[in-house]
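Residue numbers (my numbering): 5 to 238.
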């Protein structure tokens with residue numbers, strides 16, 4: 005009887021009982037931090053999700069921030085009435101948005117040895133805060149490392165373009181100064197005891213009233229992860 009012998013490559017033979025030789029890839033929910041792959045020695049995508057969501061919710065539920073928003077609304081109403089009494093013409097858009105403070109994303113200082121793009125956190129945080137309907141955002145100014153949209157400044161240079169309808173030109177002196185700025189710092193710490201390794205990141209955020217230079221809200225969150233090194237260095 006002829007025997008058929010199947011030759012299995014050495015690499016596949018070692019893994020055949022575990023996963024085979026095939027490579028698979030699938031989409032996962034980016035907001036589900038329970039299934040995210042976590043780096044052993046550096047920031048993971050799940051860390052950004054956690055800090056941005058928790059920081060945003062902490063700010064929106066802060067009694068101090070609620071007090072600031074109410075005081076801002078009262079002052080804004082007085083300012084609008086005073087402007088109208090003085091004969092100043094106010095647009096419907098200005099009346100609609102004047103009750104909400106304008107927020108600028110300032111510098112998030114990276115005090116780690118890693119290359120960290122803070123926009124991974126601030127862009128998510130911007131979305132949480134903006135969608136709350138409690139603040140406005142400026143993209144005309146931003147801190148180092150944050151995104152600035154140059155279109156606002158460029159739009160005011162179109163007056164020299166003969167193809168642009170002059171009535172639609174953006175006027176100078178109409179860009180609003182921001183009321184609030186959000187800044188912060190990221191600090192990394194590591195610890196090791198035998199095969200046990202610990203990695204932690206501390207995120208500290210401060211919201212400042214730029215009219216007075218005083219802090220409105222402060223937040224600190226530490227994200228800590230641990231892993232056990234395998235007996236064979238795996």
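Positions of the beta carbon are idealized from the N, C-alpha and C atoms, including for glycine.
Spatially closest choice to residue i from the options, by CA coordinates
| i | options | result |
| --- | --- | --- |
| residue 185 | 53, 201 and 139 | 139 |
| residue 122 | 99, 81, 104 and 147 | 147 |
| residue 187 | 201, 92 and 223 | 223 |
| residue 202 | 228, 174 and 107 | 228 |
| residue 132 | 205, 220 and 53 | 53 |
Neighbour-count burial assignment, residue i, 16 or more Cβ in a 10 Å radius
| i | result |
| --- | --- |
| residue 136 | exposed |
| residue 70 | exposed |
| residue 198 | exposed |
| residue 60 | buried |
| residue 163 | exposed |
| residue 232 | exposed |
| residue 183 | buried |
| residue 242 | No statement about residue 242 is possible, as the shown extent of the chain runs from 5 to 238 and does not include it. |
| residue 154 | exposed |
| residue 218 | exposed |
| residue 112 | buried |
| residue 151 | exposed |
Extent of the continuous beta strand (DSSP E) to which residue i belongs
| i | result |
| --- | --- |
| residue 218 | 218–232 |
| residue 108 | 106–115 |
| residue 192 | 184–197 |
Segment limits, alpha helix (DSSP H) that includes residue i
| i | result |
| --- | --- |
| residue 78 | 67–89 |
| residue 135 | 123–135 |
Heavy atom of the ligand ZN within 8 angstroms of residue i beta-carbon
| i | result |
| --- | --- |
| residue 82 | Here there are no bound small molecules, and the ligand ZN is not part of this structure. |
Margin query: Does the region 86–93 come into contact with the region 125–132, if we say contact requires no fewer than three beta-carbon pairs (one atom in each stretch) closer than 8 angstroms?
Written below: no
Margin query: Closer than 8 angstroms is the cut-off here; do at least three beta carbon pairs connect the region 71–89 with the region 103–111?
Written below: yes
Notebook entry, point to check: Which runs of the alpha helix (DSSP H), 4 residues or longer, sit entirely within the region 152–178?
Noted result: 155–159
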